[in-house]
Amino acid sequence: MADTADTNQHYVPQFLLRGFHSGNEAQIWAFDKTTSKSFTTAIDKAASEQGFYNVDGSAQLDDVIRKFEEATAPIIKEIGERKSLAGIDEYKRIWLSGFTALQYVRTRAFTERSQDMMRQITHVVTKMSGGELSEQVRKQLGMDEPGTQHEKALSTILVLVRPAVAELQKKHLILYRSDGSSLFCIGDSPVALHNTLNPGDGIRGTLGLAVPGIEVYLPISKYLLLAHMCPTIAVAYSGLEEDARRMGFTHAHAGPYVRALEHGTAVLMEKEHIRFQNSLQLGYAERFVYSSVDDFGDARDILAGNPRRRMGPRVGRPETPKASD
């Protein structure tokens, strides 16, 4: 494999970002959560850092990720050209599950969240231990292992992909589309989770990949959004559609969803729902959100009302924005 240790390594692949180019195919609009400023930037510089995936000076992880991107890009391109999932066989669906799983854990937001969680755990354990950790506890926490905290977080990526793929393969693959009047954006941590059906018990979270009702979203262009949806959603929609048909009409939301499952067609997403998807991208992003147009008014309003969202998601702080945010 080629050594890419000194290269600009992307945590959102360039082929995905090109689906959101600004009109100039080499550029994209960027919005910085920390400053609320927007600007154009080169796609080959966006969502990337020099040597981001280097571990102990080696770029082997980046090489593995690049190979995965190369295998998945033609599938994403096929979906974009057809604007449907028709013809996407089980083999390709497995690749898409793998791509989404890898994209979920490969970002700066994920590594920052992992490091923050470890800091919180270490703080609590240290406090419980009276301010000093035993050698055994330090070993269990991996505190004395070589490498930076960033490198330690990176070392978990490929381990976490396998169980994530297993969960995503249990989901229904749905494609959503825009009619062009409102466009999807993409964040620097573009896999966003939401749960409409499952309100939870107030104690346990509802945003795990294995949680009933989970919705996993990944924008693949300014017009298209790929979703891995819990089968319980199809059950709920099927019931609504059956009730509607008995009364002689088709349910406005359930009908297109059921047909999408049967035929691979894309579900038209209404403007307000696209706005909510874009708010999810803002909430999950560590710092930047990218778009084909300089239209970040909603993002500025959300951040003005909830300054905590200027930081990426952290354990103990909700990741999914409320409709009122």
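Note that the numbering used here has the sequence shown beginning at 3, numbered continuously upward. C-beta atoms are modelled at their ideal positions from N, C-alpha and C, and glycine is treated no differently.
Extent of the continuous beta strand (DSSP E) to which Y178 belongs: 174–179
As assigned by DSSP and simplified to three states, the class of N10: strand
Below-8 Å beta-carbon distance, V193 vs any chain C residue: Checking the listed chains, one finds no chain C in this structure; it contains a single protein chain.
Cβ pair count under 8 Å reaching 3, the stretch 190–203 against the stretch 156–172: no
At least 3 beta-carbon pairs within less than 8 Å: the stretch 294–312 vs the stretch 246–262: The stretch 294–312 vs the stretch 246–262: no contact.
Local conformation of Q29 per DSSP, three classes: strand
DSSP-derived helix/strand/coil call for V218: strand
Euclidean distance between Cα positions of M249 and V269: 23 Å
Three-state secondary structure (DSSP) of S223: coil
Best match in I176, R312, G307, Q171 for proximity to G189 [C-alpha to C-alpha]: The shortest C-alpha separation from G189 is found at R312.
Nonlocal neighbours in the same chain, by C-beta distance under 7 Å from T234, ignoring five residues either side: L199, P214, G215
Reduced DSSP category for T208 - H, G, I as helix; E, B as strand; rest coil: coil
Proximity below 8 Å, CB of W31 to CB of S24: Yes, the pair counts as a contact, with Cβ atoms nearer than the cut-off.
Boundaries (first-last residue) of the beta strand (DSSP E) holding M290: Inspection of the sequence shows that residue 290 is occupied by Phe rather than by Met. Annotation for F290: the continuous beta strand (DSSP E) segment containing it runs 290–293.
C-beta atoms of L226 and K85 nearer than 8 Å: yes
Start and end residues, beta strand (DSSP E) containing K39: If you look at K39, you'll find it in the beta strand (DSSP E) that goes 39–44.
Unbroken alpha helix (DSSP H) run spanning S99, endpoints: 92–107
Counted within 10 angstroms of its Cβ, other Cβ atoms place Y93 as buried (16 or more) or exposed: exposed
Whole-angstrom distance between V167 and L228, CA atom to CA atom: 15 Å
For E272, the three-state DSSP class (helix, strand or coil): Looking at E272 - three-state DSSP - the assignment turns out to be coil, as it is neither helix nor strand.
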